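Engineer: Residue numbers (UniProt numbering): 1 to 420.
Even glycine gets a Cβ: it sits at the ideal position worked out from N, Cα and C.
As the structure is a prediction and not an experimental result, all values here were calculated from the model.
I have a structure I would like to understand better, so I am pasting it below and will then ask my questions one at a time.
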């Protein structure tokens, strides 16, 4: 079992009535901030990532969101490069995981390939590359990409990134969305033929099938309540694996969960409740549903799935007013004593076939000291008990850097040829 620390660069000082007055993306007034609180939020975010690397997590992961108050992260490659160099100098055997390079909005896919290759070199071959299609508001409202283009743009750009990493000679690329007379990136990744790749999603069968057919890993972000959505989403993924004809290897699957650990269940509730509510109300709860799925952004298969059953959305419709107890009951968060947290996470992983956990331990308005303590307590009292969950299985981890114990193999399908 691989357990990574996952973090977003949240602004932690939004006002009490924020979710009733403002959106957490696109139009959020920057006048709500001060230079000192912006600096403090970012410095804490960076220090917490470094602390997690030093605490022994298997990886440190960040995402990409433009023009948002809940994740001030327009370019995660900058953070990944910082972590790559620091952890290499300190000799920390931790994967560097920029899991959110949104190729569906990118107009510079070769630059994305170059930046990630640099991170792999700087880290000595510890990069894990994450590629979501991207959020609809970010692609279309922030970056002017037509919603109907974002998924096809993503597919083309992903093929270009992979080929730029694997190619032994310069090549031309004449795509629908990008054209390059010559692609010959320097440097290329140390990991060959390429670093491990994961796609990220919330249950769309199109993204799941893509990950399986290309032999990528898949990240499931269960923001909306695993106890409400988990069975249907994970069953869908493993049924698709059977259809594609690939093994039900748990290391294909990665899952993100918000986690709060304290000495007792009661103490955990007292310490974390208001910060959990801050996150869900003023981040997800302050994004209108239509911004997450603008007309044309979801292809016909995804639309059919939503029309058949919208249960993948879990608690999303009530995020703006959701309570801590509702979030716990739905499985949106795991909060409690080390024993409670261990038991719940282990149950999720074994029930749903999860071989990679992304532990979000600094969420919402959680202040620096509490976040640091949460990271440390999880690392000391929870993490060691999760690592051995799949030790008795015969599966190998093909989606983890070889330097860190992974077992990389040749891509299952060839990268599409350049078009000219």
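Based on DSSP bridge pairs, tell me the residues matched to residue 65.
Structural biologist: Reading the chain shown from its first residue, position 65 is the one you call residue 65. Bridge partners of residue 65 according to DSSP: 73.
Engineer: Could you say if the segment 233–247 and the segment 332–340 meet the contact criterion of at least three C-beta pairs nearer than 8 Å?
Structural biologist: no
Engineer: Applying the 10 Å Cβ sphere with the 16-neighbour rule, what's the burial state of residue 388?
Structural biologist: As a first step, residue 388 is located in the chain shown; it is residue number 388 there, counting from the start. Residue 388 is exposed by the Cβ-count criterion.
Engineer: Excluding the five sequence neighbours on either side, which residues of its own chain have a C-beta within less than 7 Å of the C-beta of residue 120, listed in chain order?
Structural biologist: Numbered from 1 along the chain shown, position 120 holds the residue referred to as residue 120. So the qualifying residues of the chain are 127, 189, 190, 191, 195.
Engineer: Counting beta carbon pairs with one atom in the segment 100–108 and one in the segment 162–176, are three or more of them shorter than 8 Å?
Structural biologist: Segments in contact, no.
Engineer: Kindly give me the distance between the Cβ atoms of residue 423 and residue 116, rounded to whole angstroms, as I take these residues to be in contact under 8 Å.
Structural biologist: This structure does not reach residue 423, given that the chain is present from 1 up to 420, and the question cannot be answered.
Engineer: Among residues of its own chain, excluding the 5 on either side of residue 345, which ones have a beta-carbon nearer than 8 Å to its beta-carbon?
Structural biologist: Your numbering for residue 345 matches position 345 in the chain shown. So the list reads 257, 259, 334, 357, 382, 386, once near-sequence residues are dropped.
Engineer: Any idea if residue 6 is buried or exposed, counting beta-carbon neighbours within 10 angstroms, 16 or more meaning buried?
Structural biologist: Counting from 1 along the chain shown, the entry for residue 6 is found at position 6. Its Cβ being crowded by 16 or more others within 10 Å, residue 6 is buried.
Engineer: Hey, residue 228 and residue 331 are a contact pair by Cβ (cut 8 Å); roughly how many whole angstroms apart?
Structural biologist: For the purposes of this step, residue 228 is taken as the residue at position 228 of the chain shown. For the purposes of this step, residue 331 is taken as the residue at position 331 of the chain shown. That belief holds up - the Cβ atoms of residue 228 and residue 331 are roughly 7 Å apart, short of 8 Å.
Engineer: Going by beta-carbon coordinates alone, are residue 261 and residue 363 separated by less than 7 Å?
Structural biologist: For the purposes of this step, residue 261 is taken as the residue at position 261 of the chain shown. For the purposes of this step, residue 363 is taken as the residue at position 363 of the chain shown. Contact: no.
Engineer: Pop quiz: residue 320 and residue 286 are said to be a contact at Cβ under 8 Å. What is the actual Cβ separation, rounded to whole angstroms?
Structural biologist: Counted from its first residue, the chain shown places residue 320 at position 320. Counted from its first residue, the chain shown places residue 286 at position 286. At roughly 7 Å, the Cβ-Cβ gap stays under 8 Å, so residue 320 and residue 286 are in contact.
Engineer: Counting only runs of 4+ residues fully inside the segment 301–370, write out the alpha helix (DSSP H) ranges in chain order.
Structural biologist: 324–330, 338–352
Engineer: Could you please give the first and the last residue of the uninterrupted alpha helix (DSSP H) stretch that includes residue 227?
Structural biologist: Along the chain shown, one-based indexing puts residue 227 at 227. For residue 227, the enclosing alpha helix (DSSP H) begins and ends at 226–244.
Engineer: I need the straight-line Cα distance from residue 392 to residue 35, nearest angstrom please.
Structural biologist: As a first step, residue 392 must be located in the chain shown, where it is residue number 392. As a first step, residue 35 must be located in the chain shown, where it is residue number 35. So the alpha carbons of these two residues sit roughly 51 Å apart.
Engineer: What separation, rounded to the nearest whole angstrom, lies between the Cα atoms of residue 374 and residue 325?
Structural biologist: Translated into the one-based positions of the chain shown, residue 374 becomes position 374. Translated into the one-based positions of the chain shown, residue 325 becomes position 325. Rounded to whole angstroms, residue 374 to residue 325 spans 20 Å at the Cα level.
Engineer: Hey, residue 276 and residue 370 are a contact pair by Cβ (cut 8 Å); roughly how many whole angstroms apart?
Structural biologist: Start at 1 with the first residue of the chain shown, and residue 276 comes out as number 276. Start at 1 with the first residue of the chain shown, and residue 370 comes out as number 370. Not confirmed; about 12 Å, so no contact.
Engineer: Excluding the 5 residues flanking residue 283 on each side, which residues of the same chain have their C-beta closer than 6 Å to its C-beta?
Structural biologist: Along the chain shown, read from residue 1 onward, the residue named residue 283 stands at position 283. The answer, listed in chain order, is 24, 70.
Engineer: Can you give me the Cβ contacts of residue 241 inside the same chain, cut-off strictly under 8 Å, excluding the 5 residues immediately before and after it?
Structural biologist: Locating residue 241 in the chain shown gives position 241, where the first residue counts as 1. Within the same chain, residue 241 has close Cβ partners 212, 247, 248, 252.
Engineer: Hey, how far is the Cα of residue 50 from the Cα of residue 298?
Structural biologist: Residue mapping note: residue 50 aligns to position 50 of the chain shown, counting from 1. Residue mapping note: residue 298 aligns to position 298 of the chain shown, counting from 1. Distance between the alpha carbons of residue 50 and residue 298 is about 37 Å.
Engineer: Exposed or buried, what is residue 176 when buried is set at 16 or more other beta-carbons lying within 10 Å of its beta-carbon?
Structural biologist: Locating residue 176 in the chain shown gives position 176, where the first residue counts as 1. Counting Cβ neighbours within 10 Å, residue 176 comes out exposed, since fewer than 16 surround it.
Engineer: The alpha helix (DSSP H) that contains residue 50, what's its start and end?
Structural biologist: Position 50 of the chain shown, counted from the first residue, corresponds to residue 50. Element bounds for residue 50: 35–55.
Engineer: State the DSSP-derived secondary structure class of residue 253, mapped to helix, strand or coil.
Structural biologist: Taking the first residue of the chain shown as 1, we reach residue 253 at position 253. In the three-state scheme derived from DSSP, where H, G and I count as helix and E and B as strand, residue 253 is classed as strand.
Engineer: Determine whether the beta carbon atoms of residue 109 and residue 157 lie at a separation below 7 Å.
Structural biologist: Here residue 109 corresponds to residue number 109 of the chain shown, with the count starting at 1. Here residue 157 corresponds to residue number 157 of the chain shown, with the count starting at 1. Yes.
Engineer: Any idea if residue 31 is buried or exposed, counting beta-carbon neighbours within 10 angstroms, 16 or more meaning buried?
Structural biologist: In the chain shown, counting from the first residue as 1, residue 31 sits at position 31. Residue 31 comes out exposed.
Engineer: DSSP state of residue 191, grouped into three classes?
Structural biologist: Your numbering for residue 191 matches position 191 in the chain shown. Reduced to three states, the DSSP call for residue 191 is coil.
Engineer: Taking only the alpha-carbon atoms, compute the straight-line gap between residue 26 and residue 56 and give it to the nearest angstrom.
Structural biologist: For the purposes of this step, residue 26 is taken as residue 26 along the chain shown, with counting starting at 1. For the purposes of this step, residue 56 is taken as residue 56 along the chain shown, with counting starting at 1. Approximately 36 Å between the Cα atoms of the pair.
Engineer: To the nearest angstrom, how far is it from the Cα of residue 93 to the Cα of residue 58?
Structural biologist: For the purposes of this step, residue 93 is taken as the residue at position 93 of the chain shown. For the purposes of this step, residue 58 is taken as the residue at position 58 of the chain shown. For residue 93 and residue 58, the gap between their C-alpha atoms comes out near 7 Å.
Engineer: Taking the C-alpha atoms as reference points, what is the distance between residue 181 and residue 167?
Structural biologist: Counted from its first residue, the chain shown places residue 181 at position 181. Counted from its first residue, the chain shown places residue 167 at position 167. Approximately 15 Å between the Cα atoms of the pair.
Engineer: Within the same chain, show all residues whose beta-carbon is closer than 7 Å to that of residue 390, passing over the 5 residues directly before and after it, in chain order.
Structural biologist: In the chain shown, residue 390 corresponds to position 390, counting from 1. Only 1, 250, 355 meet the Cβ criterion.
Engineer: Below 7 Å between beta carbons: does that hold for residue 294 and residue 164?
Structural biologist: In the chain shown, counting from the first residue as 1, residue 294 sits at position 294. In the chain shown, counting from the first residue as 1, residue 164 sits at position 164. Contact: no.
Engineer: In the DSSP assignment, the alpha helix (DSSP H) including residue 272 goes from what residue to what residue?
Structural biologist: As a position in the chain shown, residue 272 is number 272, starting the count at 1. Looking at the DSSP string, the run of the alpha helix (DSSP H) that includes residue 272 is 265–282.
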